[in-house]
Amino acid sequence: MAAIVLIGAQWGDEGKGKATDLLGEKLQWVVRYQGGNNAGHTVVLPNGETFALHLIPSGILTPGVNNVIGNGVVVDPSVLLAELKGLEDRDVDTSRLLLSADAHLLMPYHVAIDKVTERFLGNSKIGTTGRGIGPCYQDKIARVGVRVADVLDEKILTQKVEAALEVKNQILTKIYNRKGLDPNEVVDGTLELAEGFKHRISDTRLLLNQALERGETILLEGSQGTLLDVDHGTYPYVTSSNPTAGGAAVGAGIGPGRIDTVLGILKAYTTRVGEGPFPTELFDEWGAYLAKTGGEVGVTTGRARRTGWFDAVIARYATRVNGITDYFLTKLDVLSSLETVPICVAYEVDGERVDDMPMTQTGFHHAKPIYEEMPGWWEDISGCRTFEDLPKNAQDYVLRLEELSGAHISCIGVGPGRDQTIVRREIV
Ligand code: IMP
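The opening residue of the sequence shown carries number 4 in our numbering; numbering runs sequentially from there.
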């Protein structure tokens, strides 16, 4: 077998944790390749136990699976240790978690800068999660970041932190009128935390390639989503990494040719957290209905998610930019009890019909949805386990989404539980 990429096809929160968990027993490895603890993956086990994961791959909940935080991830060490402790307190075996030596460490000054920058931006803010993700990636690209392996060499760590704080403290004190940070305290704090994760530091790139050579199966678990990608998303209202499938090879250190399946996760309607354009957003009672019925509250920040109808333009776009081979459609059950279910099939931009993503940011900001109405269904579908169990109108809705999105819908989620899934075609 080879590598499978799992990627959010919308603005994140599509239910990726459920998909990873479903595949879990068929996998030998689960790898996070980008983002950090801005992510929140919820997994509900068959016994009803719920886990919210932020940094640690969802495979940690499946016995026997090896888990890797890859080189493309930004790691806040205090969050990592807290998350490990939370899992260990609930008797989850965490011994199979490895951390790439080349992943970047998210330092206290990244969090401080993220928060003050957003405040400073006022109405132009991005609506970040405030976890320091953007500032940490900025340092990576500027080649002044601190990497995980630096905790193994106190001298290097100290040099890097001192150099970083020389600039950051000027920014914090002179531009934002905040207190600077003491480099010695930052170094000591980091080294203390490192005692809790040092033994997990590995050459994960080598281990993953060796695993592929042995014929093992690796799931590359994306966080956020296609429209939050720094290159392909709704820039500047995006995260600072590449969740799209291309980012998976880079963020894990494997060749793109190793990836043979790209599984897109698609919610049966649309949600978004933070600022930025959202053509099908609903401001009426239907928006409130989707939010309430779908439990649309951020796992990481507790922020209410914005809600809207399914947007086939962005789904088609996601299919293309990721090369999606299969879709996992989640939360279909949330749409039960609607008279009709609208689907956005195209946009109207400045008086013209547009079937694909507008080329410019302004075009997307002006996009008005063109809807097609599908007849709804009233039945509770949470107990359906085959496609044929679904009411005819629900089947037709799925088939129409498949046609519009341009990739096969292989799995359908009809409830939060691990077993509340219809598998039309096996992914692995
Ligand atoms: P950042 O990733 O914290 O810099 O936030 C940038 C944008 O991405 C904001 O609009 C966030 O709300 C959004 N975002 C980041 N992580 C997630 C996620 O896991 N789900 C949904 N939105 C996210």
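Idealized CB from N, CA, C, for every residue including glycine.
- Query: Taking buried to mean at least 16 other C-beta atoms within 10 Å of its own C-beta, is residue 123 buried or exposed?
  - Reply: Its Cβ having fewer than 16 others within 10 Å, residue 123 is exposed.
- Run the proximity test for residue 117: is its beta-carbon closer than 8 Å to any non-hydrogen atom belonging to ligand 1? Result yes, Cβ under 8 Å from ligand 1.
- May I ask which residues mark the beginning and end of the alpha helix (DSSP H) holding residue 116? Note, residue 116: alpha helix (DSSP H), 111 to 124.
- Task: For residue 98, verify whether its CB is less than 8 Å away from any heavy atom of ligand 1.
- Result: Checking the Cβ of residue 98 against ligand 1 gives no.
- Message: So the candidates are 59, 266, 250, 102; which of them puts its Cα closest to the Cα of residue 90?
- Response: Nearest C-alpha to residue 90: 59.
- Message: Within a Cβ cutoff of 6 Å, which residues of the same chain sit near residue 276, ignoring the five residues on either side of it in sequence?
- Response: If we look at residue 276 and ignore the five residues flanking it on each side, its Cβ neighbours are 301, 306, 308.
- Query: Is residue 102 helix, strand or coil when you go by DSSP?
  - Reply: Residue 102: strand per DSSP, three-state reduction.
- Query: Hey, out of 69, 199, 65, whose CA is closest to residue 79's CA?
  - Reply: Nearest Cα to residue 79 within the set 69, 199, 65: 199.
- Message: Can you determine whether any heavy atom of ligand 1 sits closer than 8 Å to the C-beta of residue 241, and answer yes or no?
- Response: Under cutoff, so the answer is yes.
- Message: Out of 372, 403, 360, which one is the CA nearest neighbour of residue 311?
- Response: The shortest Cα separation from residue 311 among 372, 403, 360 belongs to 372.
- Would DSSP call residue 375 helix, strand or coil? Strand.
- Consider the C-beta atom of residue 310 and the heavy atoms of ligand 1; say whether any pair is separated by less than 8 Å. If you check the C-beta of residue 310 against ligand 1, you find no heavy atom less than 8 Å away.
- Message: For residue 297, tell me which candidate among 364, 19, 336, 386 has the shortest Cα-Cα distance.
- Response: Ranked by Cα distance from residue 297, the first of 364, 19, 336, 386 is 336.
- Query: Going along the chain, which unbroken runs of the alpha helix (DSSP H) with 4 or more residues stay wholly within the region 348 to 417?
  - Reply: Given a length threshold of 4 residues, each whole run of the alpha helix (DSSP H) inside the region 348 to 417 is given here in chain order: 364 to 369, 395 to 408.
- Taking just the CA atoms, how far does residue 163 sit from residue 236? C-alpha separation (whole angstroms): 32 Å.
- Going by CA-CA distance only, name the one from 272, 346, 408 that's closest to residue 291. It is 272.
- Message: If the criterion is Cβ atoms closer than 9 Å, does the pair residue 197 and residue 221 meet it?
- Response: It is not a contact, given that the beta carbons lie outside the stated cut-off.
- Task: Return yes when the C-beta of residue 134 is under 8 Å from any heavy atom of ligand 1, and no when it is not.
- Result: Under cutoff, so the answer is yes.
- Three-state secondary structure (DSSP) at residue 49? In this structure, residue 49 counts as coil in the three-state DSSP scheme.
- Excluding five sequence neighbours on each side, which residues of the same chain lie with their C-beta closer than 6 Å to the C-beta of residue 71? Closer than 6 Å at Cβ, skipping near neighbours: 34, 101, 207.
- Task: Please go through the same chain and pick out, in chain order, the residues whose beta-carbon is closer than 8 Å to the beta-carbon of residue 1, but skip the five residues on each side of it.
- Result: Because the chain here runs from 4 to 431, residue 1 falls outside it and cannot be looked at.
- Message: Please state whether the Cβ-Cβ distance between residue 76 and residue 36 is less than 9 Å.
- Response: Judged by beta-carbon spacing, residue 36 lies within the 9 Å limit of residue 76, meaning their Cβ atoms are closer than that value.
- Just checking, does the region 386 to 393 make contact with the region 357 to 375 on the three C-beta pairs under 8 Å criterion? Taking 8 Å as the limit for Cβ pairs, the verdict is that the region 357 to 375 does not touch the region 386 to 393.
- Message: So within the region 203 to 276, which uninterrupted beta strand (DSSP E) runs reach at least 3 residues, ignoring any that extend past its ends?
- Response: Segments of the beta strand (DSSP E) lying fully in the region 203 to 276: 221 to 224, 262 to 270, 273 to 275.
- Item | Best match in 319, 51, 142, 74 for proximity to residue 406 [C-alpha to C-alpha] | With distances taken between Cα atoms, residue 406 lies closest to 319.
- Which of the three DSSP states, helix, strand or coil, is assigned to residue 289? Residue 289 falls in the helix class under three-state DSSP.
- Item | Classification of residue 16 by the beta-carbon crowding that lies within 10 angstroms, buried from 16 upward | Under this definition residue 16 is a buried residue.
- Message: So, for residue 205: in the same chain, excluding its five sequence neighbours on each side, which residues have a beta-carbon less than 6 Å away from its beta-carbon?
- Response: Excluding sequence neighbours, residue 205 sits near 101.
- Task: Whole angstroms is fine: what's the gap from residue 380's alpha carbon to residue 338's?
- Result: For residue 380 and residue 338, the distance between alpha carbons rounds to 8 Å.
- Determine the direct distance from the alpha carbon of residue 166 to that of residue 98, and round the result to whole angstroms. Computed Cα separation, rounded: 35 Å.
- Message: Once the 5 residues before and after residue 247 are set aside, which same chain residues still bring their CB inside 6 Å of it?
- Response: Within the same chain, Cβ atoms closer than 6 Å to the Cβ of residue 247 are found at 229, 232, 235, 324, 325, the five residues on either side in sequence being excluded.
- Residues sharing a beta bridge with residue 44, DSSP: In DSSP, residue 44 forms a bridge with 56.
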